[in-house]
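Enquirer: What follows is a single structure, and I will ask about it in a moment.
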Amino acid sequence: MSIEIVPNTPASDPLNHETRGSKVLPADPSQTLPWPETAVKPIQVRWRYAISIPLIHLLACLAFVPYFFSWTGVALSILGLYVFGTLGINIGYHRMLTHRGLNAPKWFEHTLALLGVCTMQDTPACWVAMHRIHHQHSDHQPDPHSPLVTFFWGHFGWLMFENRDFTNVKDYQRFTRDLLKDPFYMKLERHQNWLKVYIAVALLFPVAGFLIGWLMSGNVWGGVQFGSSLLVWGVFVRTVLNWHITWSVNSVTHIWGYRNYETKDNSRNNWIIGLLANGEGWHNNHHADQRAAAHGHKWWEFDVSWITIRAFEKMGLVWDVVRPQAWGDTPRKKAR
Numbered sequence: 000m001s002i003e004i005v006p007n008t009p010a011s012d013p014l015n016h017e018t019r020g021s022k023v024l025p026a027d028p029s030q031t032l033p034w035p036e037t038a039v040k041p042i043q044v045r046w047r048y049a050i051s052i053p054l055i056h057l058l059a060c061l062a063f064v065p066y067f068f069s070w071t072g073v074a075l076s077i078l079g080l081y082v083f084g085t086l087g088i089n090i091g092y093h094r095m096l097t098h099r100g101l102n103a104p105k106w107f108e109h110t111l112a113l114l115g116v117c118t119m120q121d122t123p124a125c126w127v128a129m130h131r132i133h134h135q136h137s138d139h140q141p142d143p144h145s146p147l148v149t150f151f152w153g154h155f156g157w158l159m160f161e162n163r164d165f166t167n168v169k170d171y172q173r174f175t176r177d178l179l180k181d182p183f184y185m186k187l188e189r190h191q192n193w194l195k196v197y198i199a200v201a202l203l204f205p206v207a208g209f210l211i212g213w214l215m216s217g218n219v220w221g222g223v224q225f226g227s228s229l230l231v232w233g234v235f236v237r238t239v240l241n242w243h244i245t246w247s248v249n250s251v252t253h254i255w256g257y258r259n260y261e262t263k264d265n266s267r268n269n270w271i272i273g274l275l276a277n278g279e280g281w282h283n284n285h286h287a288d289q290r291a292a293a294h295g296h297k298w299w300e301f302d303v304s305w306i307t308i309r310a311f312e313k314m315g316l317v318w319d320v321v322r323p324q325a326w327g328d329t330p331r332k333k334a335r
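Numbering (numbering that gives the first Met the number 0), first residue to last: 0 to 335.
Next comes the structure, spelled out in structure tokens:
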């Protein structure tokens, strides 16, 4: 499969995330939008999502069966929210790859990207393209997931239907030229390699659990039970929680919360999502200063993702970290 990168055009500037439109929308969630104008018509279901999302939710429901419970599985699920969600999505996919709010050596950047892949939220390039389009048209046409269509649409309904901007890599590569120049990201696009990564990592949980359970219990069935608990909690439950945390940033934080800034959208800062999503819920701050690697602009807006970035910065793993303009000093202070 050979994919050619399209030439640069003003409309596809990957780092031009300013919301289109001259009118500042009032912070009023009662406004409504039609389906995105880029939605394929007649409506076409994205079966890979329409099947996989309900299936993973159904498998996660096994957590309510006592046989599949273990405290180790619960602990792995919680740890996975940080490792795959905070490191992979918040820092890797979002603040680094989408907005270029920090830089890192390629090996570390790729590691964070692979952690993001393990949330089953599509390839880095597809995720980045979607999010850049969202910022260019936030709560205006053709924002792919504005909850001003409906809450369900903004939360995950948009994933269920084909959008001509995301049908395949040839559609969304114009928004991610900077990413797809790297062969690593192109390789993830080919032959469903990104999904193979997710499956391979997911299988490590039951395999390791089986071996540990077998050794600890002295019998095969003890290994099967322990391995099953790690699969259900460490993979299925954790994946569903990662999904809904990310989806809530798209939906909840464009409806409920407070605003520090007047922006051309309905973005809000939401305390619940701010804490659950380790800083991603300070969404109005983010829309006001999109490249900033810190989303909590007030001292009390707790941002675990930013604390992690600062730790990486002190270790020399990241640099050129973009601070919020609201913090004063130089508007685009870079750390060395």
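Ideal placement from N, C-alpha and C gives every residue a C-beta, glycine not left out.
Every value quoted in this text rests on a predicted model; they were computed, and no experiment measured them.
Quick one: Cα of F174 to Cα of G222, how far?
Expert: By one-based count along the sequence shown, residue 174 stands at place 175. By one-based count along the sequence shown, residue 222 stands at place 223. Rounded to whole angstroms, F174 to G222 spans 47 Å at the Cα level.
Enquirer: Is it the case that the region 212-232 contacts the region 96-103, given that we only count it when at least three CB pairs across the two stretches are under 8 Å?
Expert: Touching, no.
Enquirer: Could you check whether H296 and W326 sit closer than 9 Å to each other, using their CB atoms as the reference points?
Expert: Locating residue 326 in the sequence shown gives position 327, counting from the first residue. Locating residue 296 in the sequence shown gives position 297, counting from the first residue. With contacts defined as CB atoms closer than 9 Å, W326 and H296 qualify as a contacting pair.
Enquirer: Between F67 and S228, how many whole angstroms is the CB-CB distance? I'm expecting something under 8 Å.
Expert: Taking the sequence shown and counting its residues from 1, one reaches residue 67 at position 68. Taking the sequence shown and counting its residues from 1, one reaches residue 228 at position 229. Right, the Cβ-Cβ distance comes to about 5 Å (below 8 Å), so this counts as a contact.
Enquirer: Nearest to V82 by alpha carbon, out of N277, D138, K180?
Expert: Looking up residue 82 in the sequence shown gives position 83. Residue N277 is the option with its Cα nearest to V82.
Enquirer: Considering only their Cβ atoms, is the gap separating L80 from L202 smaller than 9 Å?
Expert: Residue mapping note: residue 202 aligns to position 203 of the sequence shown, counting from 1. Residue mapping note: residue 80 aligns to position 81 of the sequence shown, counting from 1. No, the Cβ-Cβ distance between L202 and L80 is not below 9 Å.
Enquirer: Under the DSSP definition of a beta bridge, which residues are partnered with N162?
Expert: For this step, residue 162 is matched to residue 163 along the sequence shown. Paired residues: A38.
Enquirer: Roughly how many whole angstroms lie between the Cα atoms of A26 and D264?
Expert: Taking the sequence shown and counting its residues from 1, the one referred to as residue 26 is at position 27. Taking the sequence shown and counting its residues from 1, the one referred to as residue 264 is at position 265. Residue confidence for A26 is low, a pLDDT of 42 falling below 50, so the modelled location carries little weight and cannot support an answer.
Enquirer: Y260 by DSSP, collapsed to three states: which one?
Expert: Within the sequence shown, the letter at position 261 stands for residue 260. Note: Y260 maps to coil in three-state DSSP.
Enquirer: Let me know if T85 comes out buried or exposed under the rule of 16 or more other beta-carbons within 10 Å of its beta-carbon.
Expert: Counting from 1 along the sequence shown, the entry for residue 85 is found at position 86. Buried, since its Cβ has 16 or more Cβ neighbours within 10 Å.
Enquirer: Taking the continuous alpha helix (DSSP H) assigned at S69, which residues delimit it?
Expert: Translated into positions along the sequence shown, residue 69 becomes position 70. Looking at the DSSP string, S69 is not in any alpha helix (DSSP H), and its letter there is neither H nor E.
Enquirer: Just reading off the alpha helix (DSSP H) that L274 is part of, what are its end residues?
Expert: Your numbering for residue 274 matches position 275 in the sequence shown. 270-275 is the extent of the alpha helix (DSSP H) around L274.
Enquirer: Excluding sequence positions up to five away, which residues of its chain have a Cβ less than 6 Å from the Cβ of G280?
Expert: On the sequence shown, position 281 is the one that residue 280 refers to. These residues qualify, in order along the chain: T252, N269, I272, G273.
Enquirer: What first and last residue would you give for the alpha helix (DSSP H) that runs through F150?
Expert: The sequence position of residue 150 within the sequence shown is 151, counting from 1. It spans 150-154 - the alpha helix (DSSP H) in which F150 sits, taken as one unbroken run.
Enquirer: Measuring straight from C-alpha to C-alpha, what distance separates Y260 and S266?
Expert: On the sequence shown, residue 260 is found 261 positions in, with the first residue counted as 1. On the sequence shown, residue 266 is found 267 positions in, with the first residue counted as 1. Using only the alpha carbons, I get a separation of about 9 Å.
Enquirer: Note down, in chain order, each residue of its chain lying with its Cβ closer than 8 Å to the Cβ of L316, except the 5 sequence neighbours on either side.
Expert: Numbered from 1 along the sequence shown, position 317 holds the residue referred to as residue 316. Correct list, in chain order: A103, P104, F107.
Enquirer: I believe I254 touches F150 by the beta-carbon criterion, under 8 Å. Please report the beta-carbon distance rounded to the nearest angstrom.
Expert: If you number the sequence shown from 1, residue 254 lands on position 255. If you number the sequence shown from 1, residue 150 lands on position 151. Right, the Cβ-Cβ distance comes to about 7 Å (below 8 Å), so this counts as a contact.
Enquirer: Just to confirm my understanding: we take F209, look at its own chain, exclude 5 residues before and 5 after, and list those with CB closer than 8 Å. What are they?
Expert: Residue numbering aside, residue 209 sits at position 210 when the sequence shown is read from its first letter. Result list for F209: G222, V223, F225, G226, in chain order.
Enquirer: Could you give the DSSP three-state label for V321: helix, strand or coil?
Expert: Stepping through the sequence shown from its first residue, residue 321 is reached at position 322. Note: V321 maps to coil in three-state DSSP.
Enquirer: Measure the C-alpha to C-alpha separation of Y92 and L178 and round it to an integer number of angstroms.
Expert: Start at 1 with the first residue of the sequence shown, and residue 92 comes out as number 93. Start at 1 with the first residue of the sequence shown, and residue 178 comes out as number 179. One C-alpha to the other measures close to 11 Å.
Enquirer: Between the region 187-196 and the region 53-73, can you find at least three pairs of beta-carbon atoms closer than 8 Å?
Expert: no
Enquirer: Do Q43 and F160 come within 9 Å of each other at the CB atom, strictly closer than that value?
Expert: On the sequence shown, residue 160 is found 161 positions in, with the first residue counted as 1. On the sequence shown, residue 43 is found 44 positions in, with the first residue counted as 1. Closer than 9 Å, so yes.
Enquirer: Where do the ends of the alpha helix (DSSP H) carrying M129 lie?
Expert: Here residue 129 is taken as the residue at index 130 of the sequence shown, counted from 1. Its alpha helix (DSSP H) spans residues 123-135.
Enquirer: Roughly how many angstroms lie between the CA atoms of V320 and D302, to the nearest whole one?
Expert: Here the question's residue 320 lines up with position 321 in the sequence shown. Here the question's residue 302 lines up with position 303 in the sequence shown. Answer to the nearest angstrom: the Cα atoms are 15 Å apart.
Enquirer: Could you check which residue in H286, I211, Y197, T238 has the C-alpha nearest to that of L113?
Expert: Locating residue 113 in the sequence shown gives position 114, where the first residue counts as 1. Among H286, I211, Y197, T238, the Cα nearest to that of L113 is on Y197.
Enquirer: Would you kindly report the start and end of the unbroken alpha helix (DSSP H) that includes H190?
Expert: Within the sequence shown, numbered from 1, the residue matching residue 190 stands at position 191. Careful: H190 lies outside any alpha helix (DSSP H) and carries neither H nor E.
Enquirer: Evaluate N249 with the Cβ neighbour count: other Cβ atoms within 10 Å of its Cβ, from every protein chain shown; 16 or more gives buried, anything less gives exposed.
Expert: To locate residue 249, count along the sequence shown from 1; it is residue 250. Buried is the call here.
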